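Enquirer: In this note's numbering, the protein residues as written are 12 to 221. Quick one: structure below, then a few questions.
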């Protein structure tokens, strides 16, 4: 057991009902977010991710080649669709952002965060350490909704816990097969589905990340 998990057990993070654990996790996440530093640009906003130094993309300094690239894109767009089209498109998007019309447009193009049929969504079938099988089609959204099911064995890590869980599950289904378990969670094969999802290798639950 790592020092981080030992400390979590000591403060009772894994004790009590599921609802209690959810509340404990929500409270601790709020405390962690409150301890994040302020944006490096001096705007006074607080960064949301441990690995960030700027609060938003707008706060980050724009690189010269980035501005030149955007200028070339605008010129190409105007040449294809007519003079001033780029400016009009930017103004229109500025008016739409945050409206229901904008949300509907994202849903129609399947790029809205949290959608089960997201543009990059795939079919996932995984098994928790107790043997329960989970099926879902959007890994990012599933991890966001079920992060409380996992133990953070490296709270000192600069990589967000959500990202570490996400990467661990992805590693279960890589073509090279280098990883067969992550925090005790395993992938479920088609053969195992025919046997109600039973782990044919009879792997035992593990603690920590492998």
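Just so you know, even glycine gets a beta-carbon here, dropped at the ideal spot from N, CA and C. Remember, predicted model here, so these are calculated numbers, not experimental data.
1) Among 195, 93 and 166, which one has its Cα closest to the Cα of residue 18?
2) Would you mind sorting residue 45 into buried or exposed? The rule is 16 or more other CB atoms within 10 Å of its CB.
3) Quick one: using the 10 Å Cβ neighbour count with 16 as the cut-off for buried, is residue 283 buried or exposed?
4) Might you give, ordered along the chain, the residues of its own chain that have their beta carbon closer than 6 Å to the beta carbon of residue 176, omitting 5 neighbours on each side?
5) Keeping to the same chain, check which residues put their C-beta closer than 7 Å to that of residue 170; ignore five residues upstream and five downstream.
6) Compare the Cα-Cα distances from residue 42 to each of 29, 31 and 59 and report the closest residue.
7) Check whether the Cβ atoms of residue 196 and residue 181 lie closer than 8 Å to each other.
8) Could you tell me the boundaries of the alpha helix (DSSP H) in which residue 172 lies?
9) Less than 8 Å between the C-beta atoms of residue 164 and residue 15, yes or no?
10) Given a threshold of 16 other Cβ atoms within 10 Å of its Cβ, counted over all protein chains shown, does residue 185 qualify as buried or as exposed?
11) What are the partner residues of residue 3, as DSSP defines its beta bridges?
12) The beta strand (DSSP E) that contains residue 20, what's its start and end?
13) On a CA-only basis, which of 66, 37, 147 and 191 is nearest residue 47? Give me that one, please.
14) For residue 28, which three-state DSSP category applies?
15) Exposed or buried, which one is residue 137 when buried takes at least 16 other CB atoms within 10 Å?
Expert: Concretely, from the data shown:
1) 166
2) exposed
3) Outside the displayed span of the chain (12 to 221) sits residue 283, for which this structure offers no information.
4) 154 and 161
5) 62
6) 59
7) no
8) 172 to 181
9) yes
10) exposed
11) Because the chain is modelled from 12 through 221, residue 3 falls outside the range shown and cannot be assessed.
12) No beta strand (DSSP E) contains residue 20, which is instead part of the alpha helix (DSSP H) from 14 to 21.
13) 66
14) coil
15) buried
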